[in-house]
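Heads up, the sequence shown is in this note's numbering, so the first residue is -8 and it goes up one at a time. Think of the CB as a built atom: it goes at the ideal place given N, C-alpha and C, for glycine as much as any other residue. Note that the coordinates shown come from a computational prediction; the quantities given were computed from them, not determined experimentally.
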Amino acid sequence: MNNPQNITANEDSRVIPAWSIAAAGLAFLLVEYYFWFVLPEQKDHPPIGFRIYFSLSWGALAALYFLMVGYVSKDAPRRGMSWRFWTIICFVMPAGIGAVLYFLLRAPLISRCPACSAHVQSDFHFCPQCDYQLAASCGTCYSTVRSTDQFCTRCGHELATDHMPARLRVLGE
């Protein structure tokens, strides 16, 4: 597993890099320039209503494209994936197909085990290195349960009989 970048879920504003925001703004301005200064010089240009609609919609799509590429370039490392590969795929594949592939195939977020600091995926119930229980789970079928549940939603097992650590139980029971 690659060493993931440490960007917490609360820092989502940092996931889109500044270069991507600047490129998105520039792309929007270039589309606007084309529709308002280059296109009217041609003989058969569209009426003003179409120009407004197409300039704004195509400008927004161009800006969104660069924001998406920037997001993928910062999100892939925090999931332990190759940012170079996925950025190139998203940039080269037409019509956002690269982004769709990325969102379909991306790995879960990776964090650190509080006990041993090993890299663990967010959907793990136990650390694979030290057997530390990371999330509340049913003692019978090991599916994820909420700390307020009394019975497992999958198998109906009574959760009170499990020996769940106190830090995973709701305080005030």
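query                                                                                                                                : result
CB of residue 153 within 8 Å of CB of residue 130, strictly                                                                          : yes
Residue range of the unbroken alpha helix (DSSP H) whose run includes residue 79                                                     : 74 to 83
Cα-Cα separation, residue 83 to residue 98                                                                                           : 21 Å
Residue environment, residue 134, which counts as buried when at least 16 other CB atoms sit within 10 Å                             : exposed
Sufficient close CB pairs (3 or more, under 8 Å) joining the segment 61 to 73 to the segment 35 to 48                                : no
Buried/exposed call for residue 128, threshold 16 Cβ in 10 Å                                                                         : buried
Three-way DSSP call (helix, strand, coil) for residue 111 in this model                                                              : strand
Cβ pair count under 8 Å reaching 3, the segment 18 to 31 against the segment 52 to 59                                                : yes
Heavy atom of the ligand MN within 7 Å of residue 104 beta-carbon                                                                    : The ligand MN is not part of the structure shown, which contains no ligands of any sort.
Residue 146 in three-state terms, based on DSSP                                                                                      : coil
Contacts around residue 8, its chain only, beta-carbon distance under 7 Å, and the 5 residues preceding and following it disregarded : 61, 64 and 65
Residue 91 versus residue 57 - alpha carbon distance                                                                                 : 14 Å
Same chain only: Cβ atoms within 8 Å of residue 136, ignoring 5 sequence neighbours per side                                         : 127, 128, 129, 143, 144 and 150
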